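Engineer: Take this structure first; my questions come after.
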Amino acid sequence: MAAPTPGLNRFYLVLGAVALAGIAWLVYQVGKPSGVSIPVNVTVLAADTAGFRGYLMGSPDAPVEVSEFADYQCPACENFESIQFPSVQEQLIATGMVRWRYRDFPLEMHPHARVAAHAAACADEQSKFWEMHSLIYARQSVWSRVRNASAVFSDYAGEVGLDVNRYDECMKSAKYAGRIQASVDEGIKLGVNGTPTFLIGGRLYSNVLGSDSLRALVRALLPKPTQ
Amino acid sequence: MGIATLSLAGLFIAIYMYLYKIGKIGSLVCGTGACETVQLSPQARFLGVEVALIGVFGYAVMLLLALLALQSRFAGPAWPSRLLAILSGVAVLFTAYLTYLELFVIHAICRWCVGSAAVIILIFGLSLRDLRRVPVAS
Numbered sequence: 067m068a069a070p071t072p073g074l075n076r077f078y079l080v081l082g083a084v085a086l087a088g089i090a091w092l093v094y095q096v097g098k099p100s101g102v103s104i105p106v107n108v109t110v111l112a113a114d115t116a117g118f119r120g121y122l123m124g125s126p127d128a129p130v131e132v133s134e135f136a137d138y139q140c141p142a143c144e145n146f147e148s149i150q151f152p153s154v155q156e157q158l159i160a161t162g163m164v165r166w167r168y169r170d171f172p173l174e175m176h177p178h179a180r181v182a183a184h185a186a187a188c189a190d191e192q193s194k195f196w197e198m199h200s201l202i203y204a205r206q207s208v209w210s211r212v213r214n215a216s217a218v219f220s221d222y223a224g225e226v227g228l229d230v231n232r233y234d235e236c237m238k239s240a241k242y243a244g245r246i247q248a249s250v251d252e253g254i255k256l257g258v259n260g261t262p263t264f265l266i267g268g269r270l271y272s273n274v275l276g277s278d279s280l281r282a283l284v285r286a287l288l289p290k291p292t293q
Numbered sequence: 006m007g008i009a010t011l012s013l014a015g016l017f018i019a020i021y022m023y024l025y026k027i028g029k030i031g032s033l034v035c036g037t038g039a040c041e042t043v044q045l046s047p048q049a050r051f052l053g054v055e056v057a058l059i060g061v062f063g064y065a066v067m068l069l070l071a072l073l074a075l076q077s078r079f080a081g082p083a084w085p086s087r088l089l090a091i092l093s094g095v096a097v098l099f100t101a102y103l104t105y106l107e108l109f110v111i112h113a114i115c116r117w118c119v120g121s122a123a124v125i126i127l128i129f130g131l132s133l134r135d136l137r138r139v140p141v142a143s
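Residue numbers (our numbering), protein chains in the order written: chain S, 67 to 293; chain B, 6 to 143.
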């Protein structure tokens, strides 16, 4: 029989100490607060909006404006974004018929919706709102189920080419919490009570509109050509 | 001893990843890497099982085998060392596959996965070295 390995007991002690240190670190990681939180129902100051009324896509001279009140964590909004919006963009926005205005309307039932809206606002600071907006919607099923979505959004910030340090600072500051709340308040005042809701020609449409219905609504609002 | 220490390190990495995956940890300490992107990708599951969980079991078995191999009664037949070499060899191949997925499918690199890859390669190297030391039974 081979002789016992010298110093084996000491090794077990060291290994046990390493194991204890590892367990302590894991316990710390489980217990530490998770990520950025964007306050809800903040008092909106005039400086929060400073004239900002949503994210615009399309020609400022377009004859029809469509405002979409949406929530990044709402499955119906994701559905509209992925299925209907590409046609809307191609047929109505790119052709100069429609100016699209995206308004945040994060619902209380969706825990990460406000953080997602803030992540998109921080991307807007670096002129990458629509890139971040599309990526957040495209990966909704991924970030919706994590505990700390802000860490996932930080990865997305890198993916869309943002200066991640600047983006992270923006997220930590929660500086757009008031602006998001202002958008929610305005939506409530207009009568929005679910997402997505569309404001077209002064009328609210709370059902998910297909691109065909939208096209018909927009066509009806277009100025008639003079004979 | 080296294999046991490395297996313990690998076990903690795998547990850390798994705790994140099941939502017990809010965010991964990842520096500038894209750990969340990798961990939340569809490729983080293999045949319906979380890759991190496979890691937890794999490293736990290797730790057990490494501790057994240190016992003098296993010095002769040395089946724990042989099993360790086989298991870590398979793990190296699996890690190579996962690294391929990170680079060419997910297009993101997770530093913890790189750490785990380094650990498993070292374990495999040490287990091969240990095999050479073991007298082959005739």
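Where a beta carbon is used, it is the ideal one built from N, C-alpha and C, also for glycine. Everything numeric in this text was worked out from a predicted model, so none of it was measured.
Relative to the C-alpha of Val97/B, which candidate in Leu108/B, Val124/B, Trp84/B has its C-alpha closest?
Structural biologist: Taking the second sequence and counting its residues from 1, the one referred to as residue 97/B is at position 92. Of the listed residues, the one whose Cα sits closest to Val97/B is Val124/B.
Engineer: Counting only Cβ pairs nearer than 7 Å, list the residues of chain S close to Ser32/B.
Structural biologist: As a first step, residue 32/B is located in the second sequence; it is residue number 27 there, counting from the start. Ser100, Gly101, Asn214, Ala217, listed in chain order.
Engineer: In chain order, which beta strand (DSSP E) runs of at least 3 residues are fully inside the stretch 154 to 191 of chain S?
Structural biologist: 164 to 170
Engineer: With DSSP collapsed to three states, give me the class of Ser143/B.
Structural biologist: As a working mapping, residue 143/B is identified with position 138 in the second sequence. Since pLDDT at Ser143/B reaches only 43, below the 50 mark, its modelled position is unreliable, and no value is offered.
Engineer: Can you pull the chain S residues whose beta carbon is under 8 Å from the beta carbon of Tyr21/B, in chain order?
Structural biologist: As a first step, residue 21/B must be located in the second sequence, where it is residue number 16. Going along chain S in sequence order, the residues near Tyr21/B (Cβ under 8 Å) are Leu92, Gln95.
Engineer: Let me know if Ser143/B comes out buried or exposed under the rule of 16 or more other beta-carbons within 10 Å of its beta-carbon.
Structural biologist: For the purposes of this step, residue 143/B is taken as residue 138 along the second sequence, with counting starting at 1. Note on Ser143/B: pLDDT 43, under 50, position unreliable in the model; no value is reported.
Engineer: Smallest Cα separation from Leu68/B: which of Leu106/B, Ile8/B, Val119/B?
Structural biologist: Here the question's residue 68/B lines up with position 63 in the second sequence. With distances taken between Cα atoms, Leu68/B lies closest to Ile8/B.
Engineer: Under 7 Å between beta-carbons, which chain S residues line up against Met6/B? List them in chain order, please.
Structural biologist: For the purposes of this step, residue 6/B is taken as the residue at position 1 of the second sequence. Result: Phe77.
Engineer: Closer than 8 Å, CB to CB, is Glu41/B near chain S or not?
Structural biologist: As a first step, residue 41/B is located in the second sequence; it is residue number 36 there, counting from the start. True, the Cβ-Cβ gap to chain S drops below 8 Å.
Engineer: Could you check where the alpha helix (DSSP H) with Ala248/S kicks off and where it finishes?
Structural biologist: In the first sequence, counting from the first residue as 1, residue 248/S sits at position 182. Per DSSP, Ala248/S belongs to the alpha helix (DSSP H) from 243 to 256.
Engineer: What residues of chain D sit near Ala9/B, judged by a beta carbon separation below 7 Å?
Structural biologist: Here chain D cannot be found, since the structure's protein chains are S and B.
Engineer: Give the DSSP bridge partners of Arg269/S, in chain order.
Structural biologist: Here the question's residue 269/S lines up with position 203 in the first sequence. Answer is Ile266/S.
Engineer: Going along chain B, which residues have a C-beta under 7 Å from Asp221/S?
Structural biologist: Counting from one through the first sequence, the residue named residue 221/S turns up at place 155. What Asp221/S touches in chain B: Ala39, Glu41, Thr42.
Engineer: Given a cut-off of 8 Å, decide if Ala112/S and Gly162/S are closer than it, judged by their beta-carbon atoms.
Structural biologist: Here the question's residue 162/S lines up with position 96 in the first sequence. Here the question's residue 112/S lines up with position 46 in the first sequence. Their beta carbons are not under 8 Å apart, which means Gly162/S does not touch Ala112/S by this criterion.
Engineer: Quick one, which of Gly276/S, Trp196/S, Gly227/S, Ile266/S has its alpha-carbon nearest Val164/S's?
Structural biologist: Residue 164/S sits at position 98 when you count from the first residue of the first sequence. Residue Ile266/S is the option with its Cα nearest to Val164/S.
Engineer: Any idea which residues DSSP pairs Ser133/S with across the strands?
Structural biologist: Looking up residue 133/S in the first sequence gives position 67. Its beta-bridge partners are Arg167/S, Leu265/S.
Engineer: Measuring alpha carbon to alpha carbon, tell me which residue in Ala19/B, Leu24/B, Thr42/B is nearest Val110/B.
Structural biologist: Here residue 110/B is taken as the residue at index 105 of the second sequence, counted from 1. The candidate whose alpha carbon is nearest that of Val110/B is Thr42/B.
Engineer: Closer than 8 Å by beta-carbon distance: list the chain B residues that pair up with Ala187/S, in chain order.
Structural biologist: Position 121 of the first sequence, counting from 1, holds the residue named residue 187/S. Neighbours of Ala187/S on chain B: none; closest Cβ ~20 Å, over 8 Å.
Engineer: Helix, strand or coil, according to DSSP, for Glu52/B in the structure here?
Structural biologist: Numbered from its first residue, the second sequence carries residue 52/B at position 47. The residue asked about is misnamed: residue 52/B is Leu in this sequence, not Glu. Coil, per DSSP.
Engineer: What does a CB cutoff of less than 8 Å around Val230/S pick up in its chain, not counting 5 residues either side in sequence?
Structural biologist: Position 164 of the first sequence, counted from the first residue, corresponds to residue 230/S. Excluding positions up to five away in sequence, the list reads Ser220, Ala223, Gly224.
Engineer: Quick check on Thr109/S: buried or exposed, where buried means 16 or more other Cβ atoms within 10 Å of its Cβ?
Structural biologist: For the purposes of this step, residue 109/S is identified with residue 43 of the first sequence, where counting begins at 1. Its Cβ having fewer than 16 others within 10 Å, Thr109/S is exposed.
Engineer: Which residue's Cα is closest to the Cα of Ala39/B: Phe51/B, Arg137/B, Thr100/B, Cys118/B?
Structural biologist: Translated into the one-based positions of the second sequence, residue 39/B becomes position 34. Nearest C-alpha to Ala39/B: Cys118/B.
Engineer: If you reduce the DSSP assignment to three classes, tell me which class Leu122/S lands in.
Structural biologist: On the first sequence, residue 122/S is found 56 positions in, with the first residue counted as 1. If DSSP states are grouped into helix, strand and coil, Leu122/S belongs with the strands.
Engineer: Could you check whether the Cβ of Ala88/S sits closer than 8 Å to any Cβ belonging to chain B?
Structural biologist: Here residue 88/S corresponds to residue number 22 of the first sequence, with the count starting at 1. The sequence shown places Gly at residue 88/S, not Ala. Yes, because at least one Cβ of chain B sits closer than 8 Å to the Cβ of Gly88/S.
Engineer: Taking only three categories from DSSP, how would you classify Leu33/B?
Structural biologist: For the purposes of this step, residue 33/B is taken as residue 28 along the second sequence, with counting starting at 1. Three-state DSSP puts Leu33/B in coil, outside helix and strand.
Engineer: Which of helix, strand or coil does DSSP assign to Pro47/B?
Structural biologist: As a first step, residue 47/B must be located in the second sequence, where it is residue number 42. The answer is helix: DSSP assigns Pro47/B an H, G or I state.
Engineer: Give a yes or no on whether the minimum CB-CB distance between Ser143/B and chain S is below 8 Å.
Structural biologist: The residue given as residue 143/B occupies position 138 in the second sequence. Low confidence applies to Ser143/B: its pLDDT is 43, below 50, so where it sits in the model is not reliable, and the reading given next is rough at best. It does not; no Cβ of chain S falls within 8 Å.
Engineer: So, is the C-beta of Gly120/B closer than 8 Å to a C-beta in chain S?
Structural biologist: Along the second sequence, read from residue 1 onward, the residue named residue 120/B stands at position 115. Not one chain S Cβ lies under 8 Å of Gly120/B.
Engineer: What residue range does the alpha helix (DSSP H) around Lys238/S cover?
Structural biologist: Taking the first residue of the first sequence as position 1, residue 238/S is located at position 172. From DSSP, the alpha helix (DSSP H) with Lys238/S extends over 230 to 239.
Engineer: What separation, rounded to the nearest whole angstrom, lies between the Cα atoms of Leu270/S and Ala183/S?
Structural biologist: Within the first sequence, residue 270/S is the residue found at index 204, counting from 1. Within the first sequence, residue 183/S is the residue found at index 117, counting from 1. Computed Cα separation, rounded: 22 Å.
Engineer: Going by the CB atoms, is the gap between Ser121/B and Gly60/B shorter than 8 Å?
Structural biologist: As a working note, residue 60/B is residue 55 in the second sequence. As a working note, residue 121/B is residue 116 in the second sequence. Cβ atoms of Gly60/B and Ser121/B: closer than 8 Å.
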